[in-house]
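> Quick one: the structure is below, and I'll ask about it shortly.
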Amino acid sequence: AQTVTQSQPEMSVQEAETVTLSCTYDTSENNYYLFWYKQPPSRQMILVIRQEAYKQQNATENRFSVNFQKAAKSFSLKISDSQLGDTAMYFCAVQPSGNTPLVFGKGTRLSVIA
Amino acid sequence: GAVVSQHPSWVICKSGTSVKIECRSLDFQATTMFWYRQFPKQSLMLMATSNEGSKATYEQGVEKDKFLINHASLTLSTLTVTSAHPEDSSFYICSAILAVNYNEQFFGPGTRLTVL
Numbered sequence: 001a002q003t004v005t006q007s008q009p010e011m012s013v014q015e016a017e018t019v020t021l022s023c024t025y026d027t028s029e030n031n032y033y034l035f036w037y038k039q040p041p042s043r044q045m046i047l048v049i050r051q052e053a054y055k056q057q058n059a060t061e062n063r064f065s066v067n068f069q070k071a072a073k074s075f076s077l078k079i080s081d082s083q084l085g086d087t088a089m090y091f092c093a094v095q096p097s098g099n100t101p102l103v104f105g106k107g108t109r110l111s112v113i114a
Numbered sequence: 001g002a003v004v005s006q007h008p009s010w011v012i013c014k015s016g017t018s019v020k021i022e023c024r025s026l027d028f029q030a031t032t033m034f035w036y037r038q039f040p041k042q043s044l045m046l047m048a049t050s051n052e053g054s055k056a057t058y059e060q061g062v063e064k065d066k067f068l069i070n071h072a073s074l075t076l077s078t079l080t081v082t083s084a085h086p087e088d089s090s091f092y093i094c095s096a097i098l099a100v101n102y103n104e105q106f107f108g109p110g111t112r113l114t115v116l
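Taken in sequence, the protein lines are chains A and B. Under my numbering, the letters of the first sequence match residues 1 to 114, in that order. Under my numbering, the letters of the second sequence match residues 1 to 116, in that order.
Next up, the structure:
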């Protein structure tokens with residue numbers, strides 16, 4: 001079975017500052033996929049960033065980057081130059097293999113303060 | 001990007017009635033769709049996996065006779081909540097996998113169900 005742990009229920013950050021959200025996971029698969037999703041008040045799930053486990057290079061998407069530590073099964077999300085629009089719930093998720101559902105963590109509520 | 005729609009976006013019904021929620025992939029074919037349920041301030045919990053042309057696979061603890069899933073085509077999956085009760089009130093979200101890229105999953109906007 002797969003598990004995802006997000007140990008920070010809530011976080012806050014000043015606008016323009018940098019914040020890191022933590023995530024650890026457990027899976028017995030070798031070729032799995034990791035994701036960070038954002039869920040704003042509208043509740044639409046929005047993909048922030050994804051990482052293939054077989055890739056050593058950390059994924060980046062503009063202001064969003066990850067620190068993927070495969071041996072430690074850690075997958076943290078760094079948001080640089082935080083913006084008010086980044087305020088949302090952030091879910092870390094693992095997909096054990098292709099065509100399988102995502103397993104989500106409990107989420108971290110991020111508030112960006114002006 | 002690929003778009004997934006859900007209908008209705010919100011519904012209020014009386015206890016004991018049935019409610020059907022549709023999930024459509026608008027511009028791609030989805031061999032597999034997933035149904036999740038999200039209670040307030042909680043995470044998404046997988047309810048079932050829906051494969052086109054076959055019976056859905058339900059997660060442990062999810063009653064298949066209460067939550068009927070039909071995946072009749074490559075672009076449509078439906079979830080019917082039968083004999084709904086107030087404890088079924090929740091946010092239901094579907095997602096679809098692009099048939100040619102199993103690692104890309106697209107989420108619908110969700111359906112808020114309130115059972116009175």
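Beta carbons are placed, not taken as given, at the ideal position from N, Cα and C, and that holds for glycine.
Suppose the cutoff is 8 Å on Cβ atoms and the five residues either side in sequence are ignored; what does the same chain contact list for Met11(A) look like?
So the list reads Val19, Leu21, Thr108, Arg109, Leu110 and Ser111, once near-sequence residues are dropped.
> Is Glu15(A) helix, strand or coil by DSSP?
In this structure, Glu15(A) counts as coil in the three-state DSSP scheme.
> Does DSSP put Leu79(B) in a helix, in a strand, or in coil?
DSSP places Leu79(B) in strand when its eight states are reduced to three.
> Taking the alpha-carbon of Gln95(A) as reference, which of Phe35(A), Thr60(A) and Ser42(A) has the nearest alpha-carbon?
Checked all of Phe35(A), Thr60(A) and Ser42(A); the closest Cα to Gln95(A) is Phe35(A).
> Please list the residues of the stretch 38-53 of chain A that have a C-beta atom closer than 7 Å to any C-beta atom in chain B, keeping them in chain order.
Correct list: Arg43, Gln44 and Met45.
> Apply the 10 Å Cβ neighbour rule to Leu84(A) and answer buried if 16 or more other Cβ atoms are within range, or exposed otherwise.
Leu84(A) comes out exposed.
> For Phe35(A), which beta-bridge partners are listed by DSSP?
In DSSP, Phe35(A) forms a bridge with Arg50(A) and Ala93(A).
> Taking only the alpha-carbon atoms, compute the straight-line gap between Ile49(A) and Ala59(A) and give it to the nearest angstrom.
Their backbone Cα atoms lie some 7 Å apart in a straight line.
> Report the neighbours of Ser43(B) on chain A: residues whose CB is nearer than 8 Å to its CB, in chain order.
Those within 8 Å of Ser43(B) in chain A are Phe91, Phe104, Gly105, Lys106 and Gly107.
> Glu87(B) by DSSP, collapsed to three states: which one?
In this structure, Glu87(B) counts as helix in the three-state DSSP scheme.
> To which residues of the same chain is Phe107(B) closer than 7 Å at the C-beta, ignoring the five residues directly before and after it?
Only Val4, Ile93 and Ser95 meet the Cβ criterion.
> Using the beta-carbon of each residue, which ones in chain A are nearer than 7 Å to Leu68(B)?
What Leu68(B) touches in chain A: nothing, since even the nearest Cβ is about 19 Å away.
> With a cut-off of 8 Å, does the C-beta of Gly61(B) fall near any C-beta of chain A?
Gly61(B) does not count as touching chain A.
> Flag this pair as yes or no: are the beta carbons of Gly110(B) and Gln6(B) separated by less than 8 Å?
Yes. Within cutoff.
> Taking DSSP's pairing of strands, which residues face Glu19(B) in a bridge?
Rather than Glu, the amino acid found at residue 19(B) in this sequence is Val. In the DSSP output, where bridge partners are listed per residue, Val19(B) has Val81(B).
> Using 8 Å as the limit for Cβ to Cβ distance, is Pro96(A) near chain B?
Answer no: the Cβ-Cβ gap between Pro96(A) and chain B never drops below 8 Å.
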